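The sequence shown maps to residues 1 to 268 in this note's numbering. The block underneath contains the structure these notes are about, expressed in structure tokens.
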Amino acid sequence: MSEDFSDLKAIYFDLDDTLCGYWNAAKGGLKHTFSSVTLPDGVTPEGLMEAWVAEFRDFAEEIKRDHWYEIYLSQGGITRMELMRLALARLGIDDARLAFELGDVYGKERRSTLALFPSARELLNALRGQVTLGVITNGPADIQREELQDLGIEDCFDHVFIEGEMGEGKPAPRVMQRAVDAAGCEPNQIMMVGNSFKHDIVPAREAGWRTCWIRRDSDVPVTSRTGRVEELPDGAVAPDLTITHLDELYEILTSAGVIGTVPARKVN
Ligand SMILES: [Mg+2]
């Protein structure tokens, strides 16, 4: 390993699709929802999924721009229902009650199937007490808190930065600065571990951090147009590390002495 990571003092993780399989849970949740809720005549689960994906592409942009952002920051449920309403409307259906039911079933199903990736807990346990540990995650305040609690990892972190609680998210430079201030070390002693090149790797690199990009074959959003995992953009500088499994990071940090032989504090 050419890069030396022995001087790392802090590690910040992204949450969704870095530590837990958000898209796995979302895709399964949508499929379950559209096939288990009774749909109006002429509407098929496949047709509704297509409409949802099309609306998600537009709405994901809109959420960040107008009055929806304030709503989205505090709670995920309302924008989830609105997206169902828009998907139904795209198919000519005006039914607020059905939109509510679809959003509700989807939210519950996604929540109940969201799971940590293999080795995530072991890695966090091994790092706990060895370096400052944090999470920096985009998304609504209630949903992100719920995820950390449901996954049982909230107590693993010294610092938790949630877009919904900060009023802004990655890749804003101010978000990275907050994390630097909290860690109390030099930016180049911090590593960002994340699955999104744009939201995790680019802002961390620009802030002078070390970067670890996790690219799993399964990490394909339901809205993906290519159906493939994200590639390094043309002309972009490669991250310090590119991995496909958290085990690789565990090994690298063990070789670097960041994960030591002194038993770390256990988190169940
Ligand atoms: Mg992510």
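Note that the Cβ used here is the ideal one computed from N, Cα and C, for glycine as well. Quantities reported herein were computed from a predicted structural model and do not represent experimental measurements.
Residue pairing of Phe161 in beta bridges, as defined by DSSP: Ile136.
Short of 7 Å from the beta carbon of Ala141, and not among the five residues preceding or following it, lie these beta carbons of its own chain, in chain order: Leu73, Ser74, Ile162, Gly164, Glu165. Boundaries for Gly29: no beta strand (DSSP E) harbours it, while the alpha helix (DSSP H) harbouring it runs 22 to 36, taken from the DSSP string. Excluding its 5 nearest sequence neighbours in each direction, Gly28 has C-beta neighbours in its own chain below 6 Å: Thr113, listed in chain order. For Asp66, the secondary structure class from DSSP, reduced to helix, strand or coil, is coil. Residue range 190 to 194 is occupied by the beta strand (DSSP E) that includes Ile190. Going by DSSP, Ala120 is part of the alpha helix (DSSP H) stretching over 120 to 127.
Within the stretch 234 to 262, the runs of beta strand (DSSP E) that reach at least 3 residues and sit entirely inside it are, in chain order, 241 to 243.
Distance from the CA atom of Val220 to the CA atom of Asp247, rounded to whole angstroms, is 20 Å. The beta carbons of Trp213 and Gly194 sit closer together than 8 Å. Taking one beta carbon from each stretch, the stretch 15 to 24 and the stretch 33 to 51 have fewer than 3 pairs nearer than 8 Å; the two do not touch. In the DSSP annotation of this structure, the continuous segment of the beta strand (DSSP E) that includes Thr211 starts and ends at 210 to 214. The three-state reading of DSSP puts Phe5 in coil, since its state is none of H, G, I, E or B. Per DSSP, Ala115 lies in no beta strand (DSSP E) and is assigned neither H nor E. One alpha carbon belongs to Asp155, the other to Phe13, and they sit about 14 Å apart. Contact check for Tyr106 against Arg80 passes: the beta carbons are separated by less than 8 Å. Per the coordinates, the alpha-carbon of Val160 lies some 42 Å from the alpha-carbon of Gly92.
Residue state for Ala172 is assigned as coil, using DSSP reduced to three classes. Annotation for Ile143: no beta strand (DSSP E) segment contains it, though the alpha helix (DSSP H) segment containing it runs 141 to 150. Judged by DSSP in its simplified three-state form, Val202 adopts helix. Under the three-pair Cβ rule at 8 Å, the stretch 246 to 260 does not count as touching the stretch 41 to 54. In this structure, Thr18 has its beta carbon less than 7 Å from a heavy atom of ligand 1. Judged by beta-carbon spacing, Pro171 lies within the 8 Å limit of Lys198, meaning their Cβ atoms are closer than that value. Going by beta carbons, Ala60 and Met84 fall outside the 8 Å limit. According to the DSSP secondary-structure assignment, Val131 is paired through a beta bridge with Arg128.
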